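In this note's numbering, the protein residues as written are -8 to 290.
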């Protein structure tokens, strides 16, 4: 049987909440932590642990927040949890961050006797809730061993990419380059099709069965067809993530012009007020520029 653990899940957003649910379904004792008290109360109502988090009794901590700054704050900030953990506890860090940051976090955790796994995630909110994430992980063998029970509960595939932090975040940057470009390109192709009389629903029907498809097209284009921009992953994620890609590329003296072009479309979408909407809302940039009306009446 899989060993059960005492787990703190920090960050109960669209991905983090699903991860916490999956850990709970794996019979772990899970404390959900978020700045949104309603999310915490909801998690307790579904079987999560209530009351104060017993930091010194935790086996593992899942950190699924927005970025490097938030990751550092929840671990080492004024109320950071890392110094409160017992030696031998393990941290699963899921945010998209620069590889150098992951290496720094690993070193700081090791100095406290803690295991750190550089473990960015992919799969979206539905797979997070179903325990089917793909995890791009790197860390010491001891870190993998300590987190194996939690990984088994929240993921379908764990890619073991190295015995020290950084390699997981590097691979996630590669993935985010493709994912962000694919979303922006999907939006461009869908709205281009509209100028030629191809309706969004017909676009999805045909292209999803043709060579031009992608996972992001098949996942995000239906949001546009439905005119539903409820955020599963928001526009605001992409200036951060593609910004990380371009920062890494700059340090490597690598030109990434397609990434830069996609980034500008997400920046434009955020500037138009769509930042908190589903990232498929980048199509609204194209629609507005071309005078098109998307399903749901958006232009």
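Ideal Cβ positions, reconstructed from N, Cα and C, are used throughout, including at glycine.
No experiment lies behind these values; they were computed from the predicted model shown.
Do you know offhand how far residue 173's Cα is from residue 201's?
Walking along the chain shown from the start, residue 173 turns up at place 182. Walking along the chain shown from the start, residue 201 turns up at place 210. The straight-line gap from Cα to Cα measures roughly 15 Å.
Rank 284, 235, 130, 45 by C-alpha distance to the C-alpha of residue 164 and give the top, closest one.
Taking the chain shown and counting its residues from 1, one reaches residue 164 at position 173. Of 284, 235, 130, 45, the residue nearest in Cα terms is 235.
Roughly how many whole angstroms lie between the Cα atoms of residue 21 and residue 1?
Looking up residue 21 in the chain shown gives position 30. Looking up residue 1 in the chain shown gives position 10. Each residue's alpha carbon lies about 10 Å from the other.
Which runs of the beta strand (DSSP E), 3 residues or longer, sit entirely within the segment 36 to 106?
The qualifying runs are 51 to 54, 81 to 84.
Where does residue 279 sit, in a helix, a strand or coil, going by DSSP?
The count along the chain shown starts at 1 and reaches residue 279 at position 288. Here DSSP, grouped into helix, strand and coil, assigns residue 279 to helix.
Could you give the DSSP three-state label for residue 142: helix, strand or coil?
Residue numbering aside, residue 142 sits at position 151 when the chain shown is read from its first letter. DSSP, read as helix, strand or coil, puts residue 142 in helix.
Report yes if the C-beta distance between residue 103 and residue 134 is below 9 Å; otherwise report no.
By one-based count along the chain shown, residue 103 stands at place 112. By one-based count along the chain shown, residue 134 stands at place 143. Cβ distance not < 9 Å, so residue 103 and residue 134 don't count as in contact.
Is residue 159 closer than 9 Å to residue 178 when the C-beta atoms are compared?
Taking the chain shown and counting its residues from 1, one reaches residue 178 at position 187. Taking the chain shown and counting its residues from 1, one reaches residue 159 at position 168. No, the pair does not count as a contact, with Cβ atoms beyond the cut-off.
Can you tell me where the alpha helix (DSSP H) with residue 215 in it begins and where it stops?
The residue labelled residue 215 in the question sits at position 224 within the chain shown. Taken as a continuous stretch (DSSP letters only), the alpha helix (DSSP H) holding residue 215 covers 206 to 217.
Please name the residue, chosen from 169, 219, 230, 224, that lies closest to residue 204 on a Cα-to-Cα basis.
Against the chain shown, residue 204 aligns to sequence position 213. Cα-wise, what sits closest to residue 204 is 169.
Using a threshold of 9 Å, state whether the C-beta atoms of residue 93 and residue 157 are closer than that.
On the chain shown, residue 93 is found 102 positions in, with the first residue counted as 1. On the chain shown, residue 157 is found 166 positions in, with the first residue counted as 1. It is a contact, given that the beta carbons lie within the stated cut-off.
Based on Cα-Cα distance, which residue from -3, 287, 280 lies nearest to residue 138?
Within the chain shown, numbered from 1, the residue matching residue 138 stands at position 147. Checking every option, the nearest Cα to that of residue 138 belongs to -3.
Exposed or buried, which one is residue 324 when buried takes at least 16 other CB atoms within 10 Å?
Summary: the structure shown does not reach residue 324, with the chain confined to residues -8 through 290, and so no result is reported for it.
Could you check what DSSP says for residue -3 in three-state terms: helix, strand or coil?
Residue numbering aside, residue -3 sits at position 6 when the chain shown is read from its first letter. Here residue -3 sits in strand by DSSP.
Using a Cβ-Cβ cutoff of less than 6 Å, which residues in the same chain neighbour residue 289 once the five nearest sequence positions on both sides are dropped?
Looking up residue 289 in the chain shown gives position 298. Within the same chain, residue 289 has close Cβ partners 275.
Please classify residue 21: does DSSP put it in a helix, a strand, or coil?
As a first step, residue 21 is located in the chain shown; it is residue number 30 there, counting from the start. Of the three classes helix, strand and coil, the one that applies to residue 21 here is strand, per DSSP.
Starting from the Cα of residue 272, find the closest Cα among 240, 86, 106, 220 and give me that residue.
The residue you call residue 272 lines up with position 281 of the chain shown. Nearest of 240, 86, 106, 220 to residue 272, Cα basis: 220.
Suppose contacts are defined by Cβ-Cβ distances below 9 Å. Is residue 124 in contact with residue 108 by that definition?
The count along the chain shown starts at 1 and reaches residue 124 at position 133. The count along the chain shown starts at 1 and reaches residue 108 at position 117. Contact flag unset, no.
Could you give the DSSP three-state label for residue 268: helix, strand or coil?
Within the chain shown, numbered from 1, the residue matching residue 268 stands at position 277. Coil at residue 268, not helix or strand.
Can we say the segment 252 to 266 touches the segment 225 to 242, given the rule of at least three CB pairs closer than 8 Å?
For the pair of segments examined, the segment 252 to 266 was found to touch the segment 225 to 242: the number of CB pairs separated by less than 8 Å reaches three.
What are the boundary residues of the alpha helix (DSSP H) that residue 128 is part of?
Residue 128 sits at position 137 when you count from the first residue of the chain shown. Looking at the DSSP string, residue 128 is not in any alpha helix (DSSP H); the run it does join, the beta strand (DSSP E), is 124 to 128.
Tell me the DSSP secondary structure of residue 257 in three-state form.
Sequence index remark: in the chain shown, residue 257 carries index 266 (1-based). Looking at residue 257 - three-state DSSP - the assignment turns out to be helix.
Do you know how far the Cα of residue 185 is from the Cα of residue 151?
Looking up residue 151 in the chain shown gives position 160. Looking up residue 185 in the chain shown gives position 194. Looking at the two C-alpha atoms, the distance is approximately 43 Å.
Are the C-beta atoms of residue 66 and some chain D residue less than 9 Å apart?
No chain D appears in this structure, which consists of one protein chain only.
Report the partner residues of residue 148 according to the DSSP bridge assignment.
By 1-based counting over the chain shown, the position of residue 148 is 157. The partner list for residue 148 (beta bridge, DSSP) reads 125.
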